[in-house]
Amino acid sequence: MCAPRGSWDENAVQVMCTQAGRPSTSPRSPSRRALFYDAPVILNDITCNGTEASIVECAQADYGSFTDCANIAVAHCEAQESCNEPNAIRLTRFSSDTMGRLEVCANGMWGTVCGNTATIALVRVACRQLNHAPGGSLFRESDFAFLLDGLVPIRRTNVVCAGNEDSLSECSFNGADGDPTCTHRDDVIIMCATQSGCNEGDVRLVDGQNTN
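Dropping the structure here:
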């Protein structure tokens with residue numbers, strides 16, 4: 007879609023996101039980009055009222071093939087994914103099942119955890135809840151700049167754990183509005199320790215020349 011100045015607004019983004027299966031009550035701001043593209047441009051100068059079920063139902067000045075488009079329409083939709091188990095957690099964004107961005111199920115939607123107060127105690131609790139060894143490493147999304155997307159809502163802020171809790175919901179926390187300074191650069195990423203066949207509190211000697 008070609009987006010002449012003034013023709014690509016929040017109403018058009020709302021329709022596009024709804025059609026794409028990502029409806030949102032607060033669609034992200036529309037943008038126009040001057041870039042190279044290899045797909046044909048078939049819509050130009052879109053005007054929507056926000057209630058249409060499809061972008062083709064919006065009024066458009068032109069419908070056909072365009073080769074001189076200076077700015078392509080870009081829509082950023084909220085990537086909210088529903089969930090059914092309150093306070094469940096999961097790791098996403100990495101191929102490993104022991105490392106990923108920590109997400110929690112709240113209000114029927116998956117969302118991230120702000121790391122503004124996160125410590126290694128949070129890692130122990132989250133890994134224990136995920137049935138991994140209760141320990142590991144703590145990172146933030148800003149440590150992996152290539153992962154930043156900002157399209158998933160923040161669900162937990164000010165999370166404080168003692169480390170002996172069985173689930174993250176037993177730690178103290180606030181909701182998404184608990185810390186307005188939280189951004190997705192603060193999203194918690196954890197790496198759980200791999201199971202070693204031991205019980206918590208066991209000790210051993212390794213890499214020595216004998217058993218004592």
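Remember, our numbering sits 6 above the position in the sequence shown when you count from 1.
The beta carbon of each residue, even a glycine, is placed where N, CA and C say it ideally should be.
Terminal residues of the alpha helix (DSSP H) in which residue i lies
| i | result |
| --- | --- |
| A132 | I126 to Q135 |
| V209 | Here V209 belongs to no alpha helix (DSSP H), and DSSP marks it neither H nor E. |
| C23 | E16 to Q25 |
Residue i vs residue j beta-carbon contact at 8 Å
| i | j | result |
| --- | --- | --- |
| I195 | G106 | yes |
| V119 | R146 | no |
| C188 | T163 | yes |
| G142 | C198 | yes |
| Q20 | A59 | no |
| C111 | N93 | yes |
| T98 | E91 | no |
| Q135 | S173 | yes |
Assumed close pair residue i, residue j - CB separation to whole angstroms, cut-off 8 Å
| i | j | result |
| --- | --- | --- |
| M115 | I61 | That belief does not hold up - the Cβ atoms of M115 and I61 are roughly 25 Å apart, past 8 Å. |
| V165 | A124 | 6 Å |
| R96 | S148 | Incorrect: roughly 21 Å between the Cβ atoms, too far for contact. |
The beta strand (DSSP E) enclosing residue i, as first and last residue numbers
| i | result |
| --- | --- |
| M197 | V194 to A199 |
* Let me know the alpha helix (DSSP H) ranges lying completely inside the stretch 88 to 122, each 4 residues or longer, listed in chain order. => none
* **Length-filtered (3 minimum) beta strand (DSSP E) runs lying within the stretch 138 to 183** => 139 to 146, 160 to 166 and 178 to 180
* Asked: With contact counted as at least three CB pairs below 8 Å, one residue from each stretch, are the stretch 121 to 136 and the stretch 166 to 179 in contact?
  -> yes
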